[in-house]
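Participant:
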Amino acid sequence: MSSFLGRLGGAAAARPWRTLLGWLLLLVTAAALALTVGGTPRDEFRVPGTHSQAGSDLLSERFPEMSGATARVVVHDRAGARVPAPVLAELAGRLGALRGSPTVEPAVFSPAGDTALLSLTYRIPVTAFKDSEGVDALREASKPVEEAGLQVEFGGQLPENFSAPSGSAEIIGIVAALFILVLSLGTVVSAGLPLIVAIAGLGLGSAVIYLLAAVTDISATAPTVASMVGLGVGIDYALLLVSRHVEGLRAGLTPQRAAAEATATAGSSVVVAGSTVLVSLFGLKLAGLATYASFGYATFAVVGAVMLASLTLVPALCALAGPRLLRRAERRGGRPAPEQAGPTRTERWAQLIGRRPAAAALVSLIVMLALAAPMLGMRTWPQDAGIQAESNTTRKAYDLVDAAYGPGANGPLLVAVDLRKVPAAGLADLAARLQADPGVLAVSPALLNQAGDAALVSVQPRTGPQDVRTQQLLDRMRSGLLPDGAEATGVVAVFADISDRLASRLWVVVPFVVVLSLILLTLLFRAPVIAVKAAAMNLLSVAAAYGVMTAVFQSETGAKLMGLPHSVPVSSWVPILMFTVLFGLSMDYEVFLLSRVREDWLATGDARGSVVRGLSATGRVISSAAAIMVAVFIGFAIDPDITVKMMGVGMAAAVLVDATIVRLVLVPATMTLLGRANWWLPAWLDRLLPELRIEHGGGPAPAPAERERVPA
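To convert, take the position in the sequence shown, counting from 1, and add 178; that gives the numbering used here.
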């Protein structure tokens with residue numbers, strides 16, 4: 179692999195303008211296709227095999243006019259006067275004429291009369307609306323009401339399904355990354371190069387996402403999550419290659435030769451690290467939700483694109499930059515910078531850990547477990563409008579409804595009744611049983627379809643959608659209050675089933691991702707002990723991230739620091755998504771370090787010395803890369819979308835502990851304790867494994883018999 183990558187990097191460096199022109203044509207073509215035939219990311223929550231899906235399917239089959247997208251128009255008089263009924267009647271007429279021929283229920287007034295709620299149910303699904311089409315139509319129909327001096331806000335499935343990306347998170351991440359790159363590499367030219375490469379890969383990957391959205395469902399949040407991951411890894415991969423290229427220049431290599439050497443060595447690490455991210459993303463397919471799997475498709479596209487950009491654009495741009503990648507003092511002198519006398523700080527740190535490996539490993543393990551402890555109290559629930567930014571119309575609508583009608587009005591439970599199984603005469607008894615439950619505030623009269631074989635009953639809980647008591651009410655309804663032939667559905671029921679499904683599938687996804695990563699690392703490094711150790715440390719990093727995220731968002735203080743009105747459960751989307759992405763990202767730094775350690779081990783056969791020298795060679799680059807990644811993720815933590823916000827906080831925490839506690843303490847400590855056992859490989863496995871050399875140059879590998887010899 180290293181030979182092929184070396185030829186690829188050499189070819190790109192030999193013909194840099196052709197490479198740049200090829201990338202320009204690729205980006206223009208991809209963007210043109212995305213704009214002309216690309217689709218629109220949107221969420222469609224189907225949870226096959228659940229009670230809520232059974233109820234939704236019944237409505238789709240027999241009650242189509244009540245099974246499409248939903249929306250709410252909340253009209254409020256800020257002066258406290260009663261909302262005029264004629265104004266609402268005219269508004270209802272305009273809303274009923276919108277695309278999708280929505281059924282508009284009669285306006286429901288608040289007890290004070292200063293708020294009115296109009297509920298719409300379209301005949302088409304939310305996925306039928308492109309971009310902001312549905313919300314724009316609601317705004318246009320409501321303009322006369324606003325011009326009359328009344329406040330109009332929009333809630334429900336249709337408005338909440340649309341979110342316009344602001345791009346501020348990406349900008350913050352790029353600015354922070356540029357600052358760190360300048361400090362790390364020393365020149366603006368070398369600092370700007372990784373950013374150009376990452377942005378090019380991000381542009382290609384984003385275009386691919388919109389092309390995928392034309393043929394399959396892509397979540398509305400998926401492009402933002404993919405951008406967050408792609409920007410971080412793209413800068414990291416390019417930084418690794420540029421750093422190795424600069425090493426070659428300082429060693430006296432020509433720019434073209436240095437580019438080839440960097441792609442052969444560091445490029446191999448990029449391929450391995452990127453492959454672990456891509457392999458981990460396959461785990462999202464096991465989550466059992468098509469929309470959820472789309473996070474994997476989107477992130478896969480962006481990570482693949484930034485890998486391609488790193489392996490081709492970096493050598494081309496490095497060749498064009500020439501000696502300008504070196505610091506000014508090095509360029510003036512015309513010779514490499516003098517070697518530092520004595521060990522570096524990283525070497526001294528590795529030697530310090532090496533003298534007390536057991537104590538260092540124990541202390542760091544205790545710290546990691548303490549960070550992970552809050553995870554035991556994690557509660558999950560999908561996001562809703564109640565935790566969106568206060569400037570968002572869906573949040574304003576949520577707050578108005580909460581104040582005027584009670585918290586449960588924001589999350590009614592819908593009961594779909596099959597009248598072929600439940601007699602119509604039994605609807606009154608069903609309503610009475612539901613009304614008698616202490617968790618129910620109100621039960622609406624049953625609506626019958628035209629054929630008279632299906633009914634819909636709306637139940638308003640006393641508590642809000644995120645309240646655990648609402649979940650308990652749903653459980654009681656399903657366990658005894660509802661007869662056979664009646665199913666609880668609606669947004670709250672669907673979200674509850676999503677939470678249950680994702681919580682149960684987590685224990686399928688985790689072993690799948692871990693086993694795949696173990697196989698990949700064993701194949702590449704031919705060291706099963708190293709693979710198991712890497713997987714264990716990555717699990718620790720993920721657990722610590724879960725703990726930090728739980729402590730931040732499930733406490734009042736932490737939530738308010740993040741701009742939320744109150745503590746919130748962890749979004750159901752986050753745990754599996756974060757695990758798959760973080761497991762791959764944590765492997766990045768492991769691979770960067772282990773590739774250099776293995777390179778030294780193969781050349782010297784010195785198990786402990788190779789750890790010190792490998793950590794010394796990569797410590798600065800890994801620290802810089804991690805700092806960039808943390809900065810990028812913190813930038814996304816300010817995103818108003820709660821899923822993106824939680825991902826940003828959790829991933830920033832994970833990368834921070836991974837690059838400090840894990841990479842600077844646990845790795846050198848455990849590798850020192852294990853010694854030559856790190857590279858143990860049974861003879862039978864040595865014969866079975868293919869020889870995939872990811873190193874470039876170096877001495878011959880120790881013989882299998884020598885690798886099997888483990889110190890006592």
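Ideal Cβ positions, reconstructed from N, Cα and C, are used throughout, including at glycine.
1. Tell me the start and end of each unbroken alpha helix (DSSP H) in the region 356 to 440 that is at least 4 residues and wholly inside, in chain order.
2. Just checking my contact of residue 814 with residue 351 at CB under 8 Å: how many whole Å lie between their CB atoms?
3. Does the distance from the CB of residue 836 to the CB of residue 715 come in under 9 Å?
4. In chain order, what residues of the same chain lie with their CB nearer than 6 Å to the CB of residue 458, ignoring the 5 residues before and after it?
5. Are there 16 or more other CB atoms within 10 angstroms of the CB of residue 744, so buried, or fewer, so exposed?
6. What separation, rounded to the nearest whole angstrom, lies between the Cα atoms of residue 404 and residue 475?
7. Quick test of the definition: if touching needs 3 or more C-beta pairs under 8 Å, does the region 285 to 305 touch the region 221 to 239?
8. Is it a yes or a no for the region 225 to 235 touching the region 531 to 539, going by three-plus beta-carbon pairs under 8 Å?
9. Tell me which residues share the same chain as residue 369 and place their Cβ nearer than 8 Å to its Cβ, disregarding the 5 neighbours each side in the sequence.
10. If we count the other Cβ atoms within 10 Å of its Cβ and call it buried at 16 or more, is residue 650 buried or exposed?
11. Would you report the Cα separation of residue 860 and residue 810, rounded to the nearest angstrom?
12. Can you name the start and end residues of the beta strand (DSSP E) that residue 667 belongs to?
13. Who are the Cβ neighbours of residue 498 in its own chain at under 7 Å, not counting the five residues just before and after it?
14. Using 9 Å as the threshold, is the C-beta distance between residue 584 and residue 640 below it?
15. Among 633, 244, 296 and 487, which residue has its Cα nearest to the Cα of residue 265?
16. For residue 866, count neighbouring Cβ atoms within 10 angstroms of its own Cβ and tell me buried if that reaches 16, exposed if not.
17. Across which residues does DSSP place residue 639 in a beta bridge pair?
18. Put residue 324 into one of helix, strand or coil per three-state DSSP.
19. According to DSSP, which residues form a beta bridge with residue 595?
20. Can the beta-carbon of residue 926 be found less than 9 Å from the beta-carbon of residue 560?
21. Could you tell me the alpha carbon to alpha carbon distance between residue 460 and residue 666, rounded to whole angstroms?
22. Let me know the alpha helix (DSSP H) ranges lying completely inside the region 829 to 856, each 4 residues or longer, listed in chain order.
23. On the DSSP letters alone, give me the boundaries of the beta strand (DSSP E) that residue 258 sits inside.
24. Quick check on residue 516: does DSSP put it in helix, strand or coil?
25. Which residue comes first and which comes last in the beta strand (DSSP E) that contains residue 481?
26. Would you kindly work out how many angstroms separate the C-alpha atoms of residue 670 and residue 543, rounded to a whole number?
27. Output yes or no for whether 9 Å exceeds the beta carbon distance between residue 483 and residue 765.
28. CA-CA distance, residue 736 and residue 729?
29. Hey, could you find the ends of the beta strand (DSSP E) residue 650 is sitting in?
30. If you draw a straight line from the C-alpha of residue 337 to the C-alpha of residue 545, how long is it?
31. Give the DSSP-derived three-state secondary structure of residue 297 in the structure shown.
32. Looking at the structure shown, is residue 216 part of a helix, part of a strand, or coil, going by DSSP?
33. Express the C-alpha separation of residue 787 and residue 879 in angstroms, rounding to a whole number.
34. Could you say which of 349, 858 and 237 lies nearest to residue 597 if we only look at CA atoms?
35. Looking only at its own chain, which residues have a Cβ that is under 8 Å from the Cβ of residue 834, when we skip the five neighbours before and after it?
36. Do the CB positions of residue 858 and residue 643 come within less than 9 Å of each other?
Facilitator: So, from the data block:
1. Segments of the alpha helix (DSSP H) lying fully in the region 356 to 440: 366 to 390 and 400 to 428.
2. 7 Å
3. yes
4. Cβ neighbours of residue 458 beyond the five flanking positions: 691, 758, 761 and 762.
5. exposed
6. Spanning the two alpha carbons is a distance of roughly 9 Å.
7. yes
8. no
9. Only 356, 359, 360, 362 and 363 meet the Cβ criterion.
10. exposed
11. Between residue 860 and residue 810, the C-alpha separation is close to 42 Å.
12. 664 to 667
13. Excluding positions up to five away in sequence, the list reads 194.
14. One thing to note: residue 584 has its Cβ within 9 Å of the Cβ of residue 640.
15. 296
16. exposed
17. 618
18. helix
19. 633 and 664
20. A query on residue 926 cannot be resolved here, the shown segment of the chain reaching from 179 to 890 and no further.
21. 32 Å
22. 845 to 852
23. Counting along the chain, residue 258 falls outside any beta strand (DSSP E), and DSSP gives it neither H nor E.
24. In this prediction, residue 516 scores a pLDDT of 48, lower than 50, which makes its location untrustworthy; no coordinate-derived value is stated.
25. Segment 468 to 499 is the alpha helix (DSSP H) holding residue 481; no beta strand (DSSP E) there.
26. 40 Å
27. The Cβ-Cβ distance between residue 483 and residue 765 does not fall below 9 Å.
28. 7 Å
29. Per DSSP, residue 650 belongs to no beta strand (DSSP E); it is in the alpha helix (DSSP H), 646 to 654.
30. One C-alpha to the other measures close to 43 Å.
31. strand
32. coil
33. Caution applies to residue 879, whose pLDDT of 41 falls short of 50 and renders its modelled position unreliable; the model cannot decide the point.
34. Answer by Cα proximity: 237.
35. Shown here for residue 834: same chain residues with a beta carbon closer than 8 Å to its own, the five before and five after excluded, namely 804 and 808 in chain order.
36. no
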